[in-house]
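> Under this note's numbering, the first residue of the sequence shown carries the number 30, and numbering increases by one thereafter. Cβ atoms here follow ideal geometry from the backbone N, Cα and C, with glycine treated the same way. Bear in mind that the values here come from a model prediction, so they are computed numbers and not experimental data. I have a structure I would like to understand better, so I am pasting it below and will then ask my questions one at a time.
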Amino acid sequence: MAKRKNVNKTKKRIRQIEVILYIVIILAIVAGTYFGIFDDPFGIIKPDKTGTVTELDDGKFQLHMIDVGQADAFLLRIPDGKSVKNILIDAGSPNKTRPDTIPEYLLSLGIKELEMLVLTHPHYDHIGAAQKVIESTNVKSVMIPDCDHSTKTWIKLLEKIDEKNINVIFSEVGKTLAVGDAEMKILAPSDNMLAGKEVNDYSIVAKVTYGETSFMFTGDAESDSEAEIIKAFPASELKCNVLKVGHHGSSTSSSQAFLNAVKPDIALISCGKGNDYGHPHKETMQKLGDMGINIFRTDEMGTVIIVSDGKTVSRLEINK
Ligand SMILES: [Zn+2]
30 MAKRKNVNKT KKRIRQIEVI LYIVIILAIV AGTYFGIFDD PFGIIKPDKT GTVTELDDGK
90 FQLHMIDVGQ ADAFLLRIPD GKSVKNILID AGSPNKTRPD TIPEYLLSLG IKELEMLVLT
150 HPHYDHIGAA QKVIESTNVK SVMIPDCDHS TKTWIKLLEK IDEKNINVIF SEVGKTLAVG
210 DAEMKILAPS DNMLAGKEVN DYSIVAKVTY GETSFMFTGD AESDSEAEII KAFPASELKC
270 NVLKVGHHGS STSSSQAFLN AVKPDIALIS CGKGNDYGHP HKETMQKLGD MGINIFRTDE
330 MGTVIIVSDG KTVSRLEINK
């Protein structure tokens with residue numbers, strides 16, 4: 030009898046050890062996944078070392094405002110059935126200092142192909158890293174404004190695009206392109222803006238619609254281009270959930286009439302900490318604040334990710 034008691038005791042002890050071992054193994058897998066040791070075996074969305082997201086969040090549309098300092102770079106990850114199509118709007122680098130930030134960001138997400146690279150206008154803070162992106166990623170199409178510009182960086186970039194045989198799409202006001210499950214409509218630059226001398230107003234302005242949600246990208250378009258957009262399109266076509274604030278929040282963009290037409294819930298501002306231009310300007314911040322718009326800015330928040338399920342948009346909080 031005493032022997033049997035001992036056997037039962039031993040069996041119980043073994044079961045306890047087994048349970049503890051299971052718990053230790055599960056904890057190790059979860060910790061390993063979180064810290065990037067394992068390759069996310071359970072499909073957990075894991076923040077990597079730079080705080081980015083490596084998986085699409087339940088197939089939702091993602092907009093990444095990549096922190097590139099005093100420059101612009103917006104990555105769109107668009108669901109396409111069960112896969113994803115990626116668009117990069119601008120590949121800026123501030124003063125030749127950070128040409129690798131965008132290629133490294135794309136690499137961290139495992140992105141090897143861009144459906145389209147949109148270069149809003151030929152200023153360095155919007156195209157400075159474009160050549161690196163083209164060299165490190167398979168870019169299927171490039172969209173540019175049909176402008177006359179002759180800086181060395183722009184010309185060299187056009188030569189690179191040609192050499193790589195990349196399909197070139199010139200922006201055309203009113204044109205709509207389907208990309209994955211989203212749609213992109215071009216709102217600017219008009220022929221009038223392209224005929225002028227203000228390079229900022231060469232900026233491609235585009236509205237991207239995903240389900241019932243929409244996003245407007247403006248490059249550095251200023252109030253003259255905004256005025257033409259308001260004239261050409263009814264406010265109902267301009268209304269968006271998210272507005273990329275023109276020209277890094279400069280007071281020369283974001284006219285009250287334009288903001289009234291777009292009426293965004295969220296404003297995105299890409300600018301460098303303590304930049305020489307004083308962006309974003311206080312006049313713009315005041316207007317956005319008065320309208321009760323949520324403002325996200327890279328100089329204070331770093332990279333910001335917005336997600337949409339086709340009905341609502343929200344900021345994706347990332348654990349760093
Ligand atoms: Zn700019």
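Applying the 10 Å Cβ sphere with the 16-neighbour rule, what's the burial state of residue 119?
Buried, because 16 or more other Cβ atoms sit within 10 Å of the Cβ of residue 119.
> Counting by C-beta, which residues lie closer than 5 Å to a heavy atom of ligand 1, in chain order?
Counting every residue whose Cβ lies closer than 5 Å to a heavy atom of ligand 1, we get 154 and 249.
> Counting only runs of 4+ residues fully inside the segment 135 to 172, write out the alpha helix (DSSP H) ranges in chain order.
The segment 135 to 172 contains these whole alpha helix (DSSP H) runs: 153 to 156 and 159 to 165.
> With 16 as the cutoff for other CB atoms within 10 Å, does residue 203 come out buried or exposed?
That one is exposed.
> Thinking just about the alpha-carbon of each residue, which of 175, 217, 116 and 232 is nearest to the one in residue 92?
Of the listed residues, the one whose Cα sits closest to residue 92 is 116.
> Nearest-angstrom Cα distance between residue 274 and residue 200?
Roughly 20 Å between the two C-alpha positions.
> Check for me: the beta strand (DSSP E) holding residue 415 runs from which residue to which?
Only positions 30 to 349 of the chain appear in the structure, and residue 415 is not among them; the question remains open.
> Grouping DSSP H, G and I as helix and E and B as strand, with all else coil, what is residue 41?
It is helical.
> Reducing DSSP to helix, strand and coil, say where residue 83 ends up.
Reliability of the predicted coordinates at residue 83 is poor, the pLDDT of 48 falling under 50, and no value is obtained from them.
> Go ahead and pull the three-state DSSP assignment for residue 94.
Residue 94 falls in the strand class under three-state DSSP.
> Is the separation between the beta-carbon of residue 209 and that of residue 144 shorter than 9 Å?
Yes, they are a contact pair.
> Hey, could you find the ends of the alpha helix (DSSP H) residue 327 is sitting in?
327 to 330 is the extent of the alpha helix (DSSP H) around residue 327.
> Report, in whole angstroms, the separation of the C-beta atoms of residue 217 and residue 156, which I expect to be a contact under 8 Å.
Contact flag wrong, Cβ pair sits at about 18 Å.
> Under three-state DSSP, which class holds residue 258?
Reduced to three states, the DSSP call for residue 258 is helix.
> Going by the beta-carbon positions, is the gap between residue 271 and residue 235 smaller than 9 Å?
No, the Cβ-Cβ distance between residue 271 and residue 235 is not below 9 Å.
> What do you get for residue 46, buried or exposed, if any count of 16 or more other CB atoms within 10 angstroms of its CB means buried?
Exposed.
> Got a sec: does ligand 2 put a non-hydrogen atom nearer than 8 Å to the Cβ of residue 298?
Among the ligands in the structure shown, ligand 2 does not appear; only ligand 1 can be found there.
> Kindly give me the distance between the Cβ atoms of residue 333 and residue 172, rounded to whole angstroms, as I take these residues to be in contact under 8 Å.
Not really, about 23 Å apart at Cβ, beyond 8 Å.
> In the DSSP output, which residue or residues are listed as bridge partners for residue 235?
The partner list for residue 235 (beta bridge, DSSP) reads 215 and 246.
> Going by DSSP, name the residue or residues bridged to residue 109.
Per DSSP, 112.
> Please go through the same chain and pick out, in chain order, the residues whose beta-carbon is closer than 7 Å to the beta-carbon of residue 281, but skip the five residues on each side of it.
If we look at residue 281 and ignore the five residues flanking it on each side, its Cβ neighbours are 251 and 252.
> By how many angstroms is the C-alpha of residue 42 removed from the C-alpha of residue 211?
Using only the alpha carbons, I get a separation of about 58 Å.
> Check for me: the beta strand (DSSP E) holding residue 196 runs from which residue to which?
From DSSP, the beta strand (DSSP E) with residue 196 extends over 196 to 199.
> How about residue 99 and residue 308: do their beta carbons lie closer than 9 Å?
Yes; because the gap between Cβ atoms is below 9 Å, this pair is in contact.
> Between which two residues does the alpha helix (DSSP H) holding residue 186 run?
Note, residue 186: alpha helix (DSSP H), 181 to 192.
> Apart from the five residues on each side of it in sequence, which residues of its chain come closer than 6 Å, Cβ to Cβ, to residue 110?
Contacts found: none.
> CB-CB under 7 Å to residue 288, same chain, minus the five flanking residues each way: which ones, in chain order?
Within the same chain, residue 288 has close Cβ partners 316 and 320.
> Determine the burial state of residue 112: buried for a count of at least 16 other Cβ atoms within 10 Å of its Cβ, exposed for fewer.
Classification for residue 112: exposed.
> With DSSP run on the structure shown, which of helix, strand or coil describes residue 281?
Looking at residue 281 - three-state DSSP - the assignment turns out to be coil, as it is neither helix nor strand.
> Using only alpha-carbon positions, find the residue among 325, 163 and 306 that is nearest to residue 185.
If we check each option's Cα against that of residue 185, 163 comes out closest.
> Where residue 38 and residue 44 are concerned, what is the direct C-alpha to C-alpha distance, given to the nearest angstrom?
Whole-angstrom Cα-Cα distance: 10 Å.
> Excluding the five sequence neighbours on either side, which residues of its own chain have a C-beta within less than 6 Å of the C-beta of residue 331, listed in chain order?
Correct list, in chain order: 96.
> Whole angstroms are fine: how far does the CA of residue 101 sit from the CA of residue 227?
Cα-Cα distance, rounded: 18 Å.
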